[in-house]
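There are 4 protein chains.
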Amino acid sequence: MRRGFASDNNSGVHPAIFKSMMNVNQGHERAYGEDPYTTKATAIFQDTFGADTEVYFVFNGTGANVLGLSTLTRSFNSIICADTAHIEVDECGAPEKSTGCKLLPVKSMDGKITPELIEPYLNGFDFEHHAQPKVISISQATELGTIYRPKEIRALADLAHSHNMFLHMDGARIANAAVTLNMNFKAITKDCGVDVLSFGGTKNGMMMGEAVLFFNPELTTYTKYFRKQNMQLFSKMRFISSQFLAYFEDDLWKENAIHSNRMAQFLKEELASLPQIEITRPVEANGVFARVPKEIIKPLQEHFFFYVWDESKSEVRWMTSFDTTEIEIREFIMLIKTLLKVD
Amino acid sequence: MRRGFASDNNSGVHPAIFKSMMNVNQGHERAYGEDPYTTKATAIFQDTFGADTEVYFVFNGTGANVLGLSTLTRSFNSIICADTAHIEVDECGAPEKSTGCKLLPVKSMDGKITPELIEPYLNGFDFEHHAQPKVISISQATELGTIYRPKEIRALADLAHSHNMFLHMDGARIANAAVTLNMNFKAITKDCGVDVLSFGGTKNGMMMGEAVLFFNPELTTYTKYFRKQNMQLFSKMRFISSQFLAYFEDDLWKENAIHSNRMAQFLKEELASLPQIEITRPVEANGVFARVPKEIIKPLQEHFFFYVWDESKSEVRWMTSFDTTEIEIREFIMLIKTLLKVD
Amino acid sequence: MRRGFASDNNSGVHPAIFKSMMNVNQGHERAYGEDPYTTKATAIFQDTFGADTEVYFVFNGTGANVLGLSTLTRSFNSIICADTAHIEVDECGAPEKSTGCKLLPVKSMDGKITPELIEPYLNGFDFEHHAQPKVISISQATELGTIYRPKEIRALADLAHSHNMFLHMDGARIANAAVTLNMNFKAITKDCGVDVLSFGGTKNGMMMGEAVLFFNPELTTYTKYFRKQNMQLFSKMRFISSQFLAYFEDDLWKENAIHSNRMAQFLKEELASLPQIEITRPVEANGVFARVPKEIIKPLQEHFFFYVWDESKSEVRWMTSFDTTEIEIREFIMLIKTLLKVD
Amino acid sequence: MRRGFASDNNSGVHPAIFKSMMNVNQGHERAYGEDPYTTKATAIFQDTFGADTEVYFVFNGTGANVLGLSTLTRSFNSIICADTAHIEVDECGAPEKSTGCKLLPVKSMDGKITPELIEPYLNGFDFEHHAQPKVISISQATELGTIYRPKEIRALADLAHSHNMFLHMDGARIANAAVTLNMNFKAITKDCGVDVLSFGGTKNGMMMGEAVLFFNPELTTYTKYFRKQNMQLFSKMRFISSQFLAYFEDDLWKENAIHSNRMAQFLKEELASLPQIEITRPVEANGVFARVPKEIIKPLQEHFFFYVWDESKSEVRWMTSFDTTEIEIREFIMLIKTLLKVD
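Protein chains in written order, with our numbering: chain L, 7 to 349; chain W, 7 to 349; chain C, 7 to 349; chain F, 7 to 349.
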């Protein structure tokens, strides 16, 4: 199918990653992660994030978030997040079902939450009638394409820790954030006080696979059981870990994310000349949100599939990917111009 | 790593299946199963099992079983299975956690359960103090390498249906069963009254991926939500469905399963000349269970990894796979002879 | 202990109710509700609400709410309620834990929610990534002491039903609402489209015991199992049902609620002369919310225990009860005046 | 209704207990256990079981068991019990639903389990595919009316502790056991290594109410949240604690249990002269199990209600209670004789 702007998971697999999977496809290996490729991939994460990082590979992003949250909570806890968070709106209630916890969605304008916004929810501690706040969860980049600055993350971590809580980061697009901030992974996560990170690969050129990273080994006494019981333990694990081997080789992750972000900027710039189209959010990662004339949405979608974000506002979401090309964007813009009858 | 006899999921991916995955790795496709390959794979299942078959692809076997059981039950139900069933002993309590149901393990000698064994558990219907029996779950082939005959399955289905219950089949090794019985898939499942089938691919040459098949579309009103909430919805779904395309092409599944079963028979035959080793279970699929002298287990495992099944009886499990070779088996037997000091 | 204004459940049991419990304390009765008193209490509810009302007695309010919600939902559903709702803030996450559902708290100024406030949450239907909205839950009277008018309830029921959803009412203080509205129970619940009602007794003079009422018998196929599995099935049930017998005899419920509401009005009127104290919510049931000078809170609590509602605003909650007396209120006002140094 | 032999919870409330409830029914008290009567009842338990005993009052036996098990486990654990245990057969799956754990029912002939019977289930430790054994749960007296001796309990505790597991006791009929053993409560529970005890009151003359006792305070960090989230926190708690005040006053519990046990012995003795009736279990507490001619069951039940225990064996269960009288037993025996045409 033609490349579109629906989602970064509509793309396929980067060739180098595919090749790495093929390379490990010989002979037998112990299943469930006791193979040398998984050992190697784990070591890379520990090189990147620090030797005491605990690494758990899982199938998908929802599985990663739930595994992290299961490890951090008991059923009577609550989890504070943005009202736009993936865990709140896109996981069909998996966090509640699996952990038993209450999610407390905080109204956010830009997909980010702040200590000020969170404060009103930090009450009822020690009061048995009230679900006990235990986790602040943020997405980096956010679902609205915005990015937390390190000091913003630090502030949230400090707030969490001062209440004996944890800071969880849904890093489905952590690579896009890292290249925008021009910082390494550790600097924008562990060094800012993040306790648990869902490190995403699928949306940046992998086939499937996320790594849940715990920066305090004391947390993970039971994590392996939660992974199995949550149906996230892959038997032929080498086919996830081999992907991460390629992902980190020669900083492929960075190349992919830089490209993807650049394409979003390019799209944004090309749209700038069209007054009929209004960019509605800061473009900081690989997503462009725009208000467009209602009548062009359907004809546009027929050629380049994408999702309407907020029907009431005629706001759409265009995601770029590691394999988006300038040509496709130019064709897309041309089609928009035709539909808008702009020459 | 050298091929061993630890498990059929220690093997890699069949080359034709890998090639099929590569073939679909171009351009963008809608995520979450709305792509043409998934449509095609679904059609193949419907050709094979009947047009009204509902097909849900998931990541792994535990996920498949839980999705089927979630669809069939409410939290106050009970699920009857063999005490050796994968759902009872190998899924870390995932069925209980996800469905809330009670599992009722029935003592079985050969991995199979019968109406006679099940009858004592069929009580307390309509009595609110008692978890309500709703599902009989069987494995085909069983975890002990045995196989249900069609009339045995039919009898269980009739028993289930006469109590307004369902018959669930964990078909992680359904291909091995089909070739042993020399019957097609439909004849040994739907035609025998099975309501829901976990159709396994991973243990017979696929990378990952199972299909949960529902033979009554009325059951599946909510299945898509359970799949998502259970973290089993794959975004880049084409990389599961493309595997099934290759799996069914030229009956690759059959070729793999025939080979794997034949290797188990070969291993069994080669062992026959060794009186020190006793085959403990009928060899009907791709597993060989044997009682071996305790002192040779560790040295054997160093060269060919495998699991001890029952330490108290010095009973081991040797699994063959689609890629097991006669040469490996001969080497294995030679090593056994050496360790036994048999010439 | 001296009567205070902490909560209507700090009071004891109305003597007539206690007497009724004693009357049934002779001989043996079948347990778990198969006794004649429970039959009789059920009949009274059916006389009151209509013959097709299904009645399930439970221990407490949280149990009642969870039983209703368990009956109405599957784990992938969401439940919409006010951000002040008991199910959202006072049940330690019991609804999420027991049902698996997501709660969607709607920002409300007066404890009430409206179709307009709810509309933004009614989306994502049929989209498997999104928890499916299934229940609108309201409290009558609300946790802020306000009361829904019948047409407001009707509008919410119509909204719910037009989306194939249910309207649930937490009627922990339904008696207080009925007497304020001067209407019978049926007119303000079933006749307005309520599907399930938690009918509370504990806060209006009973020892313990709530009745969960279902106005559509088709809903309750499995309710008896949910009650047992949720640990809400009382063995010596006659000691709940006998309370309801007294509760309805000579409209004791009404007498109690009228008194309790009148005491709240009396308290409000007595406070009117004190400009230092600001009534912050409409007084429509048996709760008075007020902003009071911070320095008098602790000394006041020493003599008449009550809770601070919102520390940041120095807002307190004073609840009256069926046994509150005018003399106690006068003493309370006198103490306030002394503390305020008003003569 | 005439007293029967259906269950010890078909009886009413002992007058002294009722009186104690009435005595506390004056004025207001803080809700949820912060009242002086609850403080006093707690102190009595601490006097009885040791000062470091943590006491949590709940509504009913299922709630008590679930609260104890919730405190001791995580969702990936398993709980070992007799196949006749209340938690296995009479709680509609509440333990699985609430804790997520797997229950492992051990085949038992007399309702008791032994280290020998349990050993085969103590495997798979540290293996993530396997639900991790964490609790051995026993009933005292058992559901078959038998009683564990102190050294039997000690052996189970030692076994549990040697595997880093806990020993849980369902003491719904702990009083009957104590009087049979002629030992105090502490000697047959805490002193034998029991970690958590469901201390039952309802079946021995109380209206409702059980106490969950934890003999190691370190276990109970989160217990108060589990009680609330499991819907077992009573608002007007004084009406449970006051019952326990009477229950311990002048050893009322002992008087009741002695009587109830004695009535079972009396019934057993009276039956001895009837060769048509075979006592099938040791009569050690207040239950008599007997095989009776099928044709007399229904006519007997019409006058004295009771339950058939095992229809296939024509085995019935007759329970005596604190209020069973010799006269009733004589009438019962006379009726049996009439039906058997024995003079």
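Every residue gets a Cβ at the ideal spot worked out from N, C-alpha and C, and that includes glycine.
Cβ-based burial, residue i [other Cβ within 10 Å; buried from 16]
{"i": "Met115 of chain F", "result": "exposed"}
{"i": "Phe221 of chain W", "result": "buried"}
{"i": "Val348 of chain C", "result": "exposed"}
{"i": "Asn190 of chain C", "result": "exposed"}
{"i": "Ala49 of chain W", "result": "exposed"}
{"i": "Met340 of chain L", "result": "exposed"}
{"i": "Thr286 of chain F", "result": "buried"}
{"i": "Asn236 of chain F", "result": "buried"}
{"i": "Arg323 of chain W", "result": "buried"}
{"i": "Glu97 of chain C", "result": "buried"}
{"i": "Asn170 of chain C", "result": "exposed"}
7 Å Cβ cutoff met for residue i and residue j
{"i": "Asn16 of chain L", "j": "Ala37 of chain W", "result": "yes"}
{"i": "Lys304 of chain W", "j": "Ser320 of chain W", "result": "no"}
{"i": "Thr44 of chain W", "j": "Ser247 of chain W", "result": "yes"}
{"i": "Ala12 of chain W", "j": "Phe295 of chain W", "result": "no"}
{"i": "Lys108 of chain L", "j": "Glu102 of chain C", "result": "yes"}
{"i": "Lys209 of chain C", "j": "Asp329 of chain C", "result": "no"}
{"i": "Glu35 of chain L", "j": "Arg297 of chain L", "result": "no"}
{"i": "Ile142 of chain W", "j": "Leu128 of chain W", "result": "no"}
{"i": "Glu134 of chain C", "j": "Lys113 of chain W", "result": "no"}
{"i": "Ala91 of chain W", "j": "Asn182 of chain W", "result": "no"}
{"i": "Val30 of chain W", "j": "Ala217 of chain W", "result": "no"}
{"i": "Asn292 of chain L", "j": "Ser318 of chain L", "result": "no"}
Neighbouring residues, chain F, relative to residue i (Cβ below 7 Å)
{"i": "Arg80 of chain L", "result": "Tyr228"}
Interface partners of residue i on chain L, CB under 7 Å
{"i": "Val19 of chain W", "result": "Asn31"}
Residue i versus residue j: straight-line alpha-carbon distance, rounded
{"i": "Ser168 of chain F", "j": "Thr79 of chain F", "result": "17 Å"}
{"i": "Phe232 of chain C", "j": "Ser84 of chain W", "result": "14 Å"}
{"i": "Phe24 of chain W", "j": "Pro139 of chain L", "result": "46 Å"}
{"i": "Phe338 of chain C", "j": "Thr326 of chain C", "result": "12 Å"}
{"i": "Thr197 of chain L", "j": "Ala178 of chain L", "result": "First, the residue type needs correcting, since residue 197 of chain L is Asp and not Thr in the sequence shown. One C-alpha to the other measures close to 19 Å."}
{"i": "Leu251 of chain F", "j": "Gly206 of chain F", "result": "14 Å"}
{"i": "Leu258 of chain F", "j": "Ala184 of chain F", "result": "13 Å"}
{"i": "Phe172 of chain W", "j": "Val200 of chain W", "result": "8 Å"}
{"i": "Met28 of chain C", "j": "Lys46 of chain F", "result": "25 Å"}
Nearest-angstrom Cβ-Cβ length linking residue i and residue j, presumed shorter than 8 Å
{"i": "Phe272 of chain L", "j": "Glu334 of chain L", "result": "No, Phe272 of chain L and Glu334 of chain L are not in contact; Cβ-Cβ is about 10 Å, not under 8 Å."}
{"i": "Ala70 of chain F", "j": "Val64 of chain F", "result": "5 Å"}
{"i": "Gly151 of chain L", "j": "Glu261 of chain L", "result": "20 Å between Cβ atoms; not a contact."}
{"i": "Leu225 of chain L", "j": "Leu203 of chain L", "result": "Not quite, the Cβ-Cβ distance comes to about 12 Å (not below 8 Å), so this is no contact."}
{"i": "His136 of chain W", "j": "Val95 of chain F", "result": "6 Å"}
{"i": "Arg8 of chain C", "j": "Gly33 of chain F", "result": "6 Å"}
{"i": "Thr105 of chain L", "j": "Ser81 of chain L", "result": "7 Å"}
{"i": "Thr229 of chain W", "j": "Thr77 of chain W", "result": "5 Å"}
Listed by chain order, chain C residues near residue i by CB distance under 7 Å
{"i": "Tyr231 of chain W", "result": "Phe82, Glu134 and Gln138"}
{"i": "Asn66 of chain F", "result": "Met237, Phe240 and Ser241"}
Contact list for residue i against chain F, beta-carbon separation under 9 Å
{"i": "Val4 of chain W", "result": "With chain W represented from 7 up to 349, any question about residue 4 of chain W goes unanswered, as that position is not in the structure."}
Amino acids of chain C, ordered along the chain, whose beta-carbon sits closer than 8 Å to that of residue i
{"i": "Leu123 of chain L", "result": "Residues of chain C passing the Cβ test: none, with the nearest at roughly 13 Å."}
Neighbour list for residue i in chain W, Cβ cutoff strictly below 9 Å
{"i": "Gln235 of chain C", "result": "Ser81, Phe82, Gly106, Glu134 and Ala137"}
Amino acids of chain F, ordered along the chain, whose beta-carbon sits closer than 8 Å to that of residue i
{"i": "Leu198 of chain W", "result": "The residue asked about is misnamed: residue 198 of chain W is Cys in this sequence, not Leu. Those do not exist, as Cys198 of chain W stays about 29 Å from chain F at its closest Cβ, beyond 8 Å."}
Partners in chain W for residue i, counting only beta-carbon separations shorter than 7 Å
{"i": "Cys98 of chain F", "result": "Phe82, Glu134, His135, His136 and Ala137"}
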